[in-house]
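For reference, the structure discussed in these notes is given below.
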Amino acid sequence: MEVDKGKGEAEETRKVAEADRDTVTLKSSDGKLFEVSKEAAARLSTVLAGMIAGGSIDDNGTDLKQIGSEALENVVDYCNKHANSIPSAALISSSISFNTAPFKEPEEWERKFVDRLSHDALFDLVEAANFLGMERLLDVTCHKISEMMKGKSPDQIREVFNIKNDYTKEELEEIRQELAWAFYDD
Amino acid sequence: MPSLKKFVEPDQWEAAPELTRRKRADAAVLMLCAQGRDVAILIFPTANGDTENMYVERLDMAVITPLLSHSFKAVEPWASRICRSLGNGLCRRNKLPLTSFMSLPDDLKIAILQRLTDGKDIARVEGVSAQLRHLVAERDGELWKTLYEEALVLAPALALARSWKDMYVARLRPSWALIWRAFHQEFLASFSSDSRIRCSKDLLSSSCSSDLTQDEQEECTVGTKAKRTRRHRRQVARNHDCMKKSHGVGAIHSPSSRYRWNHR
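Sequence order for the protein chains is B and P. Each residue of the first sequence is one higher than the one before, counting from 1 in full-length UniProt numbering. Each residue of the second sequence is one higher than the one before, counting from 1 in full-length UniProt numbering.
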């Protein structure tokens with residue numbers, strides 16, 4: 001079986017693995033295996049934390065059927081980068097206050113991390129983060145997508161996100177008038 | 001997946017199209033118990049009802065466990081995730097692109113839209129498609145309320161507000177509010193399913209009831225989907241009461257006509 005680690009992160013992964021000799025192997029929908037430190041996985045993903053605590057982690061690769069190998073590679077890459085950049089205490093407090101505190105701005109490295117992703121990869125990553133209960137990664141990816149919407153006209157949004165216009169001509173005119181305050185600048 | 005057929009009793013298999021037709025569902029659950037690692041077998045009959053090409057999805061224990069253990073938020077719609085994973089399976093089979101903005105679950109769409117800090121951006125998203133417009137209207141309390149509260153300092157309150165969006169727009173630009181309300185009245189009729197936003201008629205008809213104490217009259221009549229407990233409504237109401245004192249606007253603070261019925 002092929003063990004595929006995040007690009008350029010192989011060494012860091014190994015270092016983490018040596019430090020606590022404790023990694024989890026995750027298996028993507030298309031059968032690729034990824035290794036990530038158990039500590040980082042439990043800290044960043046509520047779902048993986050639950051699986052680790054519940055003993056449903058498979059040594060031969062825990063099946064994550066909803067996540068493709070590309071998205072899982074990004075998730076693992078993110079976990080590794082996160083482990084090296086933010087002290088865990090700060091992260092834990094930020095993930096607990098997620099629902100009450102306003103959204104925290106992404107850090108510089110997180111911005112770069114999502115900027116290099118393709119459109120499809122970004123949406124796959126949002127879904128993966130949601131599925132795995134990774135609040136911080138969800139925050140960062142949602143922020144990126146909302147940035148892509150800001151200041152765009154409905155036509156431009158349709159084009160960027162490939163959304164079908166399901167309005168009739170009359171409805172469209174009605175909406176243009178109703179939302180005129182948003183379409184024209186002062 | 002014909003191999004799955006052996007797990008299911010033949011009469012169950014035959015009954016699946018009937019089940020879905022009767023309940024008007026897209027899928028039927030044929031089995032909901034653990035058999036080895038399988039937890040449930042669902043079946044999706046095709047539109048023309050032929051049983052040969054039925055699409056069957058097997059839910060594996062490994063898929064279900066993390067979803068069930070995801071109980072840290074009581075409101076977490078893990079059931080919708082199961083549906084989602086089934087949808088993904090269907091897309092993969094048909095070689096369709098898996099993800100785009102519209103294919104995200106509603107909660108994720110809202111999470112993204114909540115990060116738009118300018119109401120104009122959200123309004124433009126409404127102009128993109130009817131589906132998105134409906135979603136934004138449905139989650140009025142989650143999207144427009146925050147924006148309204150942020151804009152609170154900019155302009156006085158609007159007397160005939162229906163939703164947090166109305167109130168936001170009114171604060172943003174009082175003259176636009178009048179034009180908009182005229183259109184909105186027509187438009188709201190087409191969203192008849194949106195019963196969450198209480199009608200202003202409701203407010204007006206009850207505003208003359210005088211047998212309530214001052215405290216009871218504080219109740220705010222703009223619904224917030226996520227926060228509907230009495231305590232929360234009271235909290236919102238108190239904020240508006242402060243506002244009322246400073247701006248001298250009263251009509252939105254009248255109690256709901258349902259109030260007396262609930263508290264006899």
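Ideal Cβ positions, reconstructed from N, Cα and C, are used throughout, including at glycine. No experiment lies behind these values; they were computed from the predicted model shown.
Neighbour list for residue i in chain P, Cβ cutoff strictly below 7 Å
i: L26(B); result: In chain order: nothing, as chain P lies at least about 11 Å away.
i: P106(B); result: The premise fails here: P106(B) is roughly 11 Å from chain P at the closest Cβ pair, so nothing lies under 7 Å.
i: V126(B); result: L104, L108
i: S153(B); result: R124
i: L179(B); result: A123, E126, G127
i: F34(B); result: Within chain P, no residue comes near F34(B); the closest Cβ sits about 16 Å away, beyond 7 Å.
i: N130(B); result: L108
Integer-rounded CB distance, given that residue j should sit under 8 Å from residue i
i: N162(B); j: S100(P); result: 6 Å
i: M134(B); j: S29(B); result: Not really, about 17 Å apart at Cβ, beyond 8 Å.
i: D166(B); j: Q131(P); result: 6 Å
i: K120(P); j: D140(P); result: So it is not a contact: roughly 16 Å between Cβ atoms.
i: I52(B); j: A42(B); result: 5 Å
i: L122(B); j: K144(B); result: 6 Å
i: V47(B); j: L132(B); result: 5 Å
Partners in chain P for residue i, counting only beta-carbon separations shorter than 9 Å
i: D166(B); result: S129, A130, Q131
i: S69(B); result: Per Cβ cutoff of 9 Å: no residues; S69(B) is ~13 Å from chain P at best.
i: R158(B); result: V128, S129
i: I163(B); result: S100, F101, M102, V128, S129, Q131, L132
i: S118(B); result: What S118(B) touches in chain P: nothing, since even the nearest Cβ is about 12 Å away.
Exposure of residue i, with buried meaning 16 or more beta-carbon neighbours within 10 Å
i: I175(B); result: buried
i: C199(P); result: Because the pLDDT of C199(P) is 38, which lies under 50, any placement of that residue in the model is unreliable, and the number read from its coordinates should be weighed accordingly. It counts as exposed.
i: N74(B); result: buried
i: L203(P); result: The pLDDT assigned to L203(P) is 38, lower than 50, so where the model puts this residue is not dependable; a value taken from the coordinates is nonetheless given after this. Looking at its Cβ environment, which holds 16 or more other Cβ atoms inside 10 Å, L203(P) is buried.
i: T168(B); result: exposed
i: N80(B); result: buried
i: G127(P); result: buried
i: D124(B); result: buried
i: A71(B); result: buried
i: Q66(B); result: buried
i: G54(B); result: exposed
i: R124(P); result: buried
i: K112(B); result: exposed
i: E150(P); result: exposed
i: G61(B); result: buried
i: E178(B); result: buried
i: E105(B); result: exposed
i: E173(B); result: exposed
i: S163(P); result: buried
i: E170(B); result: exposed
i: C208(P); result: For C208(P), the predicted model reports a pLDDT of 38, less than 50, meaning its position is unreliable and no value from the coordinates is stated.
i: A237(P); result: At A237(P), the pLDDT of 39 sits below 50, so the modelled position is not reliable; the number obtained from the coordinates is stated separately. With 16 or more other Cβ atoms within 10 Å, it is buried.
Listed by chain order, chain B residues near residue i by CB distance under 7 Å
i: V136(P); result: Result: empty, since nearest Cβ-Cβ is about 11 Å, beyond 7 Å.
i: K120(P); result: A182
Amino acids of chain B, ordered along the chain, whose beta-carbon sits closer than 9 Å to that of residue i
i: S163(P); result: Simply none; closest approach about 13 Å.
i: E149(P); result: In chain order: nothing, as chain B lies at least about 12 Å away.
i: M167(P); result: Result: empty, since nearest Cβ-Cβ is about 14 Å, beyond 9 Å.
i: R139(P); result: Chain B residues near R139(P): none, gap ~15 Å exceeds 9 Å.
Option nearest residue i by Cα separation, candidates the options
i: V76(B); options: K65(B), E105(B), L137(B), H119(B); result: L137(B)
i: D139(B); options: T25(B), Q177(B), E107(B); result: E107(B)
i: G50(B); options: G61(B), K38(B), N60(B), D59(B); result: K38(B)
i: Q114(P); options: K112(B), M149(B), H82(B); result: M149(B)
i: K145(P); options: D118(P), V125(P), K109(P), D107(P); result: D118(P)
i: L108(P); options: Y148(P), E150(P), A151(P), L135(P); result: L135(P)
i: S146(B); options: I122(P), E138(P), D106(P); result: I122(P)
i: L64(B); options: K27(B), V47(B), H82(B); result: K27(B)
i: N84(B); options: V160(B), S69(B), W109(B); result: W109(B)
i: E159(B); options: A111(P), S129(P), D106(P), L116(P); result: S129(P)
i: R133(P); options: Y168(P), D106(P), A170(P); result: D106(P)
i: D115(B); options: A128(B), C142(B), N130(B); result: C142(B)
i: G31(B); options: S56(B), F183(B), I57(B), G68(B); result: G68(B)
i: E138(P); options: I110(P), Y148(P), M167(P), V169(P); result: I110(P)
i: V126(B); options: Y78(B), K164(B), H82(B); result: Y78(B)
Contact set between residue i and chain B, taken where Cβ atoms lie within less than 8 Å
i: A111(P); result: L138, C142
Amino acids of chain P, ordered along the chain, whose beta-carbon sits closer than 8 Å to that of residue i
i: K150(B); result: L116, D118, D121
i: E171(B); result: A130
i: I175(B); result: E126, G127, R133
Contact set between the stretch 133–144 of chain B and chain P, restricted to residues whose Cβ is under 8 Å from the partner: Per Cβ criterion, the list reads G133, L138, C142, H143.
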